[in-house]
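Remarks on the structure that follows.
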Amino acid sequence: MEIVRAWSLLGMVCLLATVRGQVPTEKLSDIQNKALTLLTEDFHNIENIYLRFQVISVLQAAEETFPGGIFVSLHVRKKQTNCVKTELKSKDCRVIKAGRVFNCFSCFKFEHGSLKLLAKAIDCVPDRQVNQELEQKRRQRCRAVEHKNETGLKLPGSLSFVKDQ
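According to mature numbering (1 follows the signal peptide of the UniProt record, and there is no 0), the stretch in the sequence shown is residues -21 to -1, 1 to 144, in order.
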């Protein structure tokens, strides 16, 4: 009986940890929604993807302002639907129960005051292929995007000094 309770408690803790780590799509900012749209467009441009995929969870969403632009990173899971990828406006798409699931990690750098894209890094792989090594490579690629369009020593006031000259 104690073993059953222990497993039940462990299962509930895991479920709570999973739910707590997700971000509702309604809470995404405008620029994060733009990044999600760019991610979806890029994903559906892959040749061997024939059906439309729908975001089933936003695992992480971050936005940070730098002197050289606004950096946005998203980590989402997408699941296969029953709609063809060209049917973008259809609302009747249902997630396929046994459909493929992709884990997508993306980073974008946007220009201040506009949604002009300066740099991006997108990596979508089948969910079961995500491992520590891949996560590390993703972080490295995102660091490169994060530092895009940055100048100077990144000291307070250094950007205004450089731009003044």
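No residue lacks a Cβ here, since even glycine has one placed at the ideal position from N, Cα and C.
For E43, the closest C-alpha among the options F89, V74 and N61 is that of F89. Check the Cα spacing between Q119 and each of P105, S93 and F84: the tightest is with F84.
Between L97 and V74, the alpha-carbon positions lie close to 33 angstroms from each other.
For L18, the uninterrupted alpha helix (DSSP H) segment begins and ends at D9 to H23. Along the stretch 78 to 106, the alpha helix (DSSP H) does not occur as any fully enclosed run of 4 or more residues.
Residue range G48 to V63 is occupied by the beta strand (DSSP E) that includes C62.
For G47, the CB contacts under 6 angstroms within the same chain, skipping 5 residues up- and downstream, are N128 and E129 in chain order. Taking the Cα positions, V80 is about 6 angstroms away from P105.
Distances from the alpha-carbon of L94 to those of Q1, V37, I10 and T60 put I10 closest.
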